[in-house]
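*Asks:*
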Amino acid sequence: MTLQTEEQILEELRDAEQFAKTRKRLLLEKKKEMEKFREGLTSTEKESLSQFRSYQPLDSDLATASSLSNNLQDYLYFGDEAIKDDLELGKETKNNDELDLSELQPKKVDWDLKRDIENDMAILNKRTEKAICYILMKKYNTQKNTES
């Protein structure tokens, strides 16, 4: 990387940070304006606010749900409670998923011993088979010589 590209990257990061700060400030201002607007309304005006802006719901359940509570804070608190419940469930599963070292141990105590001597046993088996073949050949030759 050259110095010029590093400077460009840093400049882009600064611009992105500045954009994020201004966006956050604007969103907070909008939120404050909305809170002031809702505080200024009477209870009947709050009920008359429609949650559905572009259409009237055909389902009666949706229509009653929209007229019951138009307060944004109710929805936010409900969302917070749902998220907290999900987080608590996630913490409980993490505790249950902890590893138990006894489960990681092998079932047989000598599993590694067998693995270590496997090569030696293969060599010994070859020697044993070779010796058996030699003994059988010797017996065959002696029988052949006695018969002749």
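Counting with our numbering, you get residues 192 to 339 for the letters of the sequence shown. Even for Gly, the Cβ is constructed at its ideal location relative to N, Cα and C. Note that this is a predicted model, so its numbers are computed, not measured.
Could you check the C-alpha separation between K305 and T337 for me, to the nearest Å?
*Replies:* Rounded to the nearest angstrom, the two C-alpha atoms are 46 Å apart.
*Asks:* To which residues of the same chain is K285 closer than 8 Å at the C-beta, ignoring the five residues directly before and after it?
*Replies:* Reliability of the predicted coordinates at K285 is poor, the pLDDT of 49 falling under 50, and the value obtained from them is presented with this limitation in mind. Result list for K285: empty, nothing under 8 Å.
*Asks:* Let me know the secondary structure DSSP gives K222 once reduced to three states.
*Replies:* Of the three classes helix, strand and coil, the one that applies to K222 here is helix, per DSSP.
*Asks:* Have a look at A207 and K299 and give me their C-alpha separation to the nearest angstrom.
*Replies:* So the two alpha carbons sit approximately 59 Å from each other.
*Asks:* K317 to S339, Cα distance in whole Å?
*Replies:* Distance between the alpha carbons of K317 and S339: 33 Å.
*Asks:* From the DSSP output, in three-state form, read off I308 for me.
*Replies:* Correct three-state label for I308: coil.
*Asks:* Distance, Cα to Cα, I408 vs I314?
*Replies:* Shown here, the chain extends from 192 to 339; a query on residue 408 therefore has no answer.
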